[in-house]
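Residue numbers (my numbering), protein chains in the order written: chain A, 1405 to 1651; chain B, 493 to 698.
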């Protein structure tokens, strides 16, 4: 008798749980918020808008292939403000089957502020501009193994722009990571001195597959000023303050 | 020797009587041939995988999970004595939870991370501040762990952070131990994104 009462209570409490928590799919994750972090190098007088398309292709041992594409919309105005619209599908391995929103990041060196916008619920998180670090950050543990050989490539036109190319070939000798044969990875990068942006990156690693990131549909017209502003109907909160800065 | 006697004598049928039976019985000869091919294949596979080892992080994760399982089974017998009390305590807790759910308006469980305007508190997340100093570390002072196969954040590249709730199984991606019984629970994580929108590193908040 008591057991049935207990089961009934538990079922009732489960039924009372809120449903539809932010659009989480089966087995997936849920978006909680965002904060614009370290800005890129500030480039003035070279406005553009484009799509940054990253394609990853992995061929499995049985011949099966995994192919994924991520498209990020990028904008930069003459004052060096930038806006990126990121679909968050690059979180795949961490939260498959998730329905994350597109998040917009604005870095504004003129106003000295960064914003992360969530268009789904019209909220924004404001963070202070922070000085850039000089160095990069190596998150590729695999990339450190082996001997790298950099070389310059003859210039060519990429997406209608003159580009300078570099290639870094890294060879991991046999036995260094338990490999029977040497492993060769190649990183090719094409940079536009005019637009001061990387146009094309090709990475090849037999352990991971191939990744190609290219800037396409480039327009050199000045993007609308409104793209670098928080829309008036958004609620803005200061990052890390614990209190909102509603406007 | 009949078929039953032949197979009962396995794995040592290699005598004159056994060999004679294989010559006389096609069915047993075929079955014997299949078994020998399978043994040879398994032997080759064993030889091929002799040097294959799990990454240290995965091994640590498995050991930690195994230890937590052992601790769990040790405490199981102790828990049995508390079953009646536990049942009543659970019933009381369910009553309280039910009352709270019915009285209070629904809000997301992670509301303590969301301030009044819907923004999140990522005060501790300062990827820029520590990025340059953590070049050679697998993990950095801000707690971010590199994702497998993540690319280097290039000089001049912007970095952003999103906070998401992901299945606890996501911790396995960076080799952290996960209790098998809690693998489907959700955990909060900060994910560092490069300018291409790809995740580079993750930090688990809870």
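Just so you know, even glycine gets a beta-carbon here, dropped at the ideal spot from N, CA and C. Note that the structure is predicted; figures quoted are calculated from it, not measured.
Count the other CB atoms within 10 Å of the CB of residue i; is the residue buried (16 or more) or exposed (fewer)?
| i | result |
| --- | --- |
| residue 495/B | exposed |
| residue 1590/A | exposed |
| residue 1508/A | buried |
| residue 605/B | Note on residue 605/B: pLDDT 39, under 50, position unreliable in the model; no value is reported. |
| residue 1607/A | buried |
| residue 643/B | buried |
| residue 1556/A | exposed |
| residue 1464/A | exposed |
| residue 1627/A | buried |
| residue 1470/A | exposed |
| residue 1639/A | buried |
| residue 1436/A | buried |
| residue 585/B | exposed |
| residue 1485/A | buried |
| residue 1553/A | exposed |
| residue 534/B | exposed |
| residue 530/B | exposed |
| residue 1625/A | exposed |
| residue 652/B | buried |
| residue 1605/A | buried |
| residue 515/B | exposed |
| residue 488/B | Nothing can be reported for residue 488/B, as the shown portion of chain B is limited to 493 through 698. |
| residue 1499/A | buried |
| residue 1636/A | exposed |
| residue 1531/A | buried |
| residue 1620/A | exposed |
| residue 1596/A | buried |
| residue 1522/A | buried |
| residue 1641/A | buried |
| residue 538/B | exposed |
| residue 1558/A | exposed |
| residue 1632/A | buried |
| residue 1460/A | buried |
Along chain B, which residues have their Cβ under 9 Å away from the Cβ of residue i?
| i | result |
| --- | --- |
| residue 1516/A | Per Cβ cutoff of 9 Å: no residues; residue 1516/A is ~14 Å from chain B at best. |
| residue 1474/A | 688, 689, 690 |
If the cut is a Cβ gap below 7 Å, which residues of chain B does residue i touch?
| i | result |
| --- | --- |
| residue 1440/A | 652 |
| residue 1456/A | 688 |
| residue 1511/A | 650 |
| residue 1463/A | By Cβ distance, chain B contributes nothing, its closest Cβ being about 15 Å from residue 1463/A, past 7 Å. |
From the options, pick the residue whose C-alpha is nearest to that of residue i; which is it?
| i | options | result |
| --- | --- | --- |
| residue 1476/A | 1454/A, 1470/A, 1482/A | 1454/A |
| residue 1581/A | 1554/A, 1550/A, 1569/A, 1631/A | 1550/A |
| residue 1482/A | 1502/A, 1473/A, 1617/A, 1629/A | 1629/A |
| residue 1611/A | 1451/A, 1576/A, 1639/A, 1512/A | 1576/A |
| residue 1623/A | 1504/A, 1437/A, 1479/A | 1479/A |
| residue 1570/A | 1461/A, 1594/A, 1435/A, 1579/A | 1594/A |
| residue 679/B | 670/B, 686/B, 658/B | 658/B |
| residue 1432/A | 1527/A, 1502/A, 1637/A, 1497/A | 1502/A |
| residue 1572/A | 1561/A, 1560/A, 1592/A, 1563/A | 1592/A |
| residue 1443/A | 515/B, 684/B, 507/B, 539/B | 684/B |
| residue 1434/A | 1496/A, 1504/A, 1473/A | 1504/A |
| residue 1515/A | 1534/A, 1498/A, 1619/A | 1534/A |
| residue 1574/A | 1527/A, 1609/A, 1632/A, 1524/A | 1609/A |
| residue 673/B | 526/B, 661/B, 499/B, 666/B | 661/B |
| residue 1616/A | 1457/A, 1438/A, 1512/A, 1452/A | 1457/A |
| residue 1462/A | 693/B, 667/B, 641/B | 641/B |
| residue 1643/A | 1559/A, 1472/A, 1518/A | 1518/A |
| residue 1634/A | 1567/A, 1613/A, 1511/A | 1511/A |
| residue 1613/A | 1452/A, 1472/A, 1440/A | 1472/A |
| residue 667/B | 676/B, 694/B, 654/B | 694/B |
Which residues of chain A have a Cβ atom closer than 7 Å to the Cβ of residue i, listed in chain order?
| i | result |
| --- | --- |
| residue 685/B | 1490, 1494 |
| residue 634/B | Simply none; closest approach about 11 Å. |
| residue 658/B | 1433, 1498, 1499 |
| residue 680/B | 1436 |
| residue 694/B | 1498 |
Give the interface partners of residue i over in chain A, defined as CB-CB distance under 9 Å, in chain order.
| i | result |
| --- | --- |
| residue 500/B | Under the 9 Å cutoff, chain A gives no residues; its nearest Cβ is about 39 Å from residue 500/B. |
| residue 655/B | 1435, 1436, 1437, 1438, 1439 |
Give the residues of chain E in contact with residue i, contact being defined as C-beta atoms less than 7 Å apart.
| i | result |
| --- | --- |
| residue 648/B | Considering every chain present, this structure includes no chain E. Its protein chains are A and B. |
Interface residues of chain A around residue i at Cβ under 8 Å?
| i | result |
| --- | --- |
| residue 581/B | By Cβ distance, chain A contributes nothing, its closest Cβ being about 11 Å from residue 581/B, past 8 Å. |
Identify the contact partners of residue i in chain B, using a Cβ-Cβ distance below 8 Å as the criterion.
| i | result |
| --- | --- |
| residue 1450/A | Here the premise fails: no neighbours, minimum Cβ distance about 13 Å. |
| residue 1486/A | 650 |
Check: Counting Cβ pairs, one atom from each stretch, are 3 or more of them under 8 Å apart for the stretch 1596 to 1603 of chain A and the stretch 1581 to 1588 of chain A?
Finding: By the Cβ criterion, the stretch 1596 to 1603 of chain A is not in contact with the stretch 1581 to 1588 of chain A, since fewer than three pairs of Cβ atoms, one from each stretch, lie closer than 8 Å.
Item checked: Any 3 or more C-beta pairs closer than 8 Å across the stretch 645 to 659 of chain B and the stretch 1438 to 1456 of chain A -> Yes, the stretch 645 to 659 of chain B is in contact with the stretch 1438 to 1456 of chain A.
Margin query: Taking 8 Å as the cut-off, does the stretch 1488 to 1502 of chain A touch the stretch 684 to 691 of chain B (at least 3 CB pairs, one atom from each stretch)?
Written below: The stretch 684 to 691 of chain B, when compared against the stretch 1488 to 1502 of chain A, does touch it at the 8 Å Cβ threshold.
Item checked: Members of the stretch 658 to 677 of chain B near chain A, C-beta cut-off 7 Å -> Answer set for the stretch 658 to 677 of chain B: 658, 659, 662, 665.
Note to self: Output needed in chain order: residues of the stretch 1609 to 1638 of chain A with a Cβ under 7 Å from some Cβ in chain B.
What the structure shows: If the cut-off is 7 Å between Cβ atoms, the stretch 1609 to 1638 of chain A has 1612, 1617 near chain B.
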